[in-house]
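Asker: Chains as they are written, first to last, in our numbering: chain A, 106 to 325; chain B, -16 to 125. All residues carry an ideal CB built from backbone N, CA and C; glycine is no exception.
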């Protein structure tokens, strides 16, 4: 597989190193002179110096072949977006993966149809939510293309939904329960499923409906 | 008529002042608050400090009812992303994006973006001016 990696910071250089170890062909592009010089000994001709949003730099790195995949891993979100657009639309690269540095820019990547993306901050926050018990609604999965998300909710004794059937809940428009986990056993949530204290409930919903769902399941 | 100018350097500030004098309601955004001085001592419009791809800031600047957005920061890619966001998310009808790199300007122009490339303009003008000098052709002898 031929991979072009734009941005040779810690992330880009380590990804390139790992790909090379797996036997793939890699070209790494780095704009900063000091960083490039430090990597030249290790990567030799496989690292090139230049701005990966300039067409002649991309072409020198073989974008016209085109590569099987382009990884936009610079520390600048706008650069990563432009690299992905050029790779996909100008050179017909079949697959791009972009790094999101500032999670607030995620919406821009989505708007431009750049997917998949990886955001370290968002991943860490998702783990924090999962690990810290006071977050009563845990984000498990974001289905970005579908604009849906899957969350987990823990029903406790005081929850208004404890002792009620799913069909008796006034779930918000755009939210459905998927399953109920009780004593290590999961069942698919249907209308007649009774919720009890201690249940772990999975729900699928449109982003932004969390508070409404929380109100119905957890608080009066 | 309302215009948003992102980037208050030489180009952005002059564009803002000119539009304002032509009766536009102008909001200027720049990362650096010192850039306000480029708008003179009596800037009657709004000036906001922040990054031009920050959606909250764009909303605060009134992008939702802007008739025109000019992206003129010193970063080509920042301008391109501002242009995409203004067109696709906020549906602004007149979006003009400054791109210094002629290759990227051409690529985005072909996709329908209104790009302005000062580098290309300079190249064209320089060539035209040299040609207009009518330097006599020197015949080389065989």
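For residue 213 (chain A), count the other beta carbons within 10 Å of its own beta carbon; 16 or more makes it buried, fewer makes it exposed. Which is it?
Answerer: Residue 213 (chain A) sits at position 108 when you count from the first residue of the first chain. Buried, since its Cβ has 16 or more Cβ neighbours within 10 Å.
Asker: Note down, in chain order, each residue of its chain lying with its Cβ closer than 7 Å to the Cβ of residue 97 (chain B), except the 5 sequence neighbours on either side.
Answerer: Mapped onto the second chain, residue 97 (chain B) falls at position 114. Within the same chain, residue 97 (chain B) has close Cβ partners 78, 79 and 80.
Asker: Ignore the nearest five residues each way along the sequence and tell me which others in residue 166 (chain A)'s own chain have a CB closer than 7 Å to its CB.
Answerer: In the first chain, the residue the question calls residue 166 (chain A) occupies position 61. Around residue 166 (chain A): 109, 132, 134 and 153.
Asker: Given that residue 212 (chain A) touches chain B, what residues does it touch there, using C-beta distances under 7 Å?
Answerer: Counted from its first residue, the first chain places residue 212 (chain A) at position 107. Those within 7 Å of residue 212 (chain A) in chain B are 38.
Asker: Classify residue 72 (chain B) as helix, strand or coil using the three-state DSSP reduction.
Answerer: Counting from 1 along the second chain, the entry for residue 72 (chain B) is found at position 89. If DSSP states are grouped into helix, strand and coil, residue 72 (chain B) belongs with the helices.
Asker: Just the Cα atoms here: how many angstroms apart are residue 292 (chain A) and residue 285 (chain A)?
Answerer: One-based indexing of the first chain puts residue 292 (chain A) at position 187. One-based indexing of the first chain puts residue 285 (chain A) at position 180. Distance between the alpha carbons of residue 292 (chain A) and residue 285 (chain A) is about 5 Å.
Asker: Mind checking if residue 87 (chain B) is an interface residue toward chain A, Cβ cutoff 8 Å exclusive?
Answerer: Residue mapping note: residue 87 (chain B) aligns to position 104 of the second chain, counting from 1. Chain A, which has a Cβ nearer than 8 Å to the Cβ of residue 87 (chain B), makes this yes.
Asker: Give a yes or no on contact between the stretch 308 to 317 of chain A and the stretch 268 to 287 of chain A, applying the rule of three or more CB pairs nearer than 8 Å.
Answerer: Yes: the two stretches touch, three or more of their Cβ pairs being nearer than 8 Å.
Asker: Please go through the same chain and pick out, in chain order, the residues whose beta-carbon is closer than 8 Å to the beta-carbon of residue 196 (chain A), but skip the five residues on each side of it.
Answerer: One-based indexing of the first chain puts residue 196 (chain A) at position 91. Result list for residue 196 (chain A): 163, 168, 169 and 171, in chain order.
Asker: I'd like to confirm the pairing. Which residues does DSSP put opposite residue 205 (chain A) in its beta bridges?
Answerer: As a position in the first chain, residue 205 (chain A) is number 100, starting the count at 1. Paired residue(s): none; residue 205 (chain A) is not in a bridge.
Asker: What are the start and end residues of each continuous beta strand (DSSP E) run of 3 or more residues lying completely inside the stretch 63 to 110 of chain B, in chain order?
Answerer: As far as the stretch 63 to 110 of chain B is concerned, its whole beta strand (DSSP E) runs of at least 3 residues are 77 to 81 and 97 to 99.
Asker: Does the beta carbon of residue 191 (chain A) come closer than 8 Å to any beta carbon on chain B?
Answerer: Position 86 of the first chain, counting from 1, holds the residue named residue 191 (chain A). It does: the Cβ of residue 191 (chain A) has a partner Cβ on chain B nearer than 8 Å.
Asker: Mind checking who residue 290 (chain A) pairs with in its DSSP beta bridge?
Answerer: Position 185 of the first chain holds residue 290 (chain A). For residue 290 (chain A), which the question treats as bridged, DSSP gives the partners A:287.
Asker: Within 10 Å of its beta-carbon, does residue 112 (chain A) have 16 or more other beta-carbons around it, so buried, or fewer, so exposed?
Answerer: Your numbering for residue 112 (chain A) matches position 7 in the first chain. Answer is buried; the Cβ neighbour count reaches 16.
Asker: The alpha helix (DSSP H) that contains residue 298 (chain A), what's its start and end?
Answerer: As a first step, residue 298 (chain A) is located in the first chain; it is residue number 193 there, counting from the start. Neither: residue 298 (chain A) is in no alpha helix (DSSP H) and is coded neither H nor E.
Asker: Can a CB atom of chain B be found closer than 8 Å to the CB of residue 222 (chain A)?
Answerer: Here residue 222 (chain A) refers to the residue found at position 117 when the first chain is read from its first residue. Not closer than 8 Å to any Cβ of chain B, the Cβ of residue 222 (chain A) fails to qualify, so no.
Asker: Have a look at A:234, A:252, A:209 and A:126 and flag the residue whose alpha-carbon is nearest the alpha-carbon of residue 258 (chain A).
Answerer: One-based indexing of the first chain puts residue 258 (chain A) at position 153. Minimum Cα distance to residue 258 (chain A) is reached at A:234.
Asker: Between the stretch 22 to 37 of chain B and the stretch -16 to 0 of chain B, do at least 3 Cβ pairs fall closer than 8 Å?
Answerer: Touching, yes, given that three or more Cβ pairs across the two stretches are closer than 8 Å.
Asker: Closest by CA to residue 100 (chain B), which one among B:94, B:87, B:110 and B:112?
Answerer: Here residue 100 (chain B) refers to the residue found at position 117 of the second chain. Of B:94, B:87, B:110 and B:112, the residue nearest in Cα terms is B:87.
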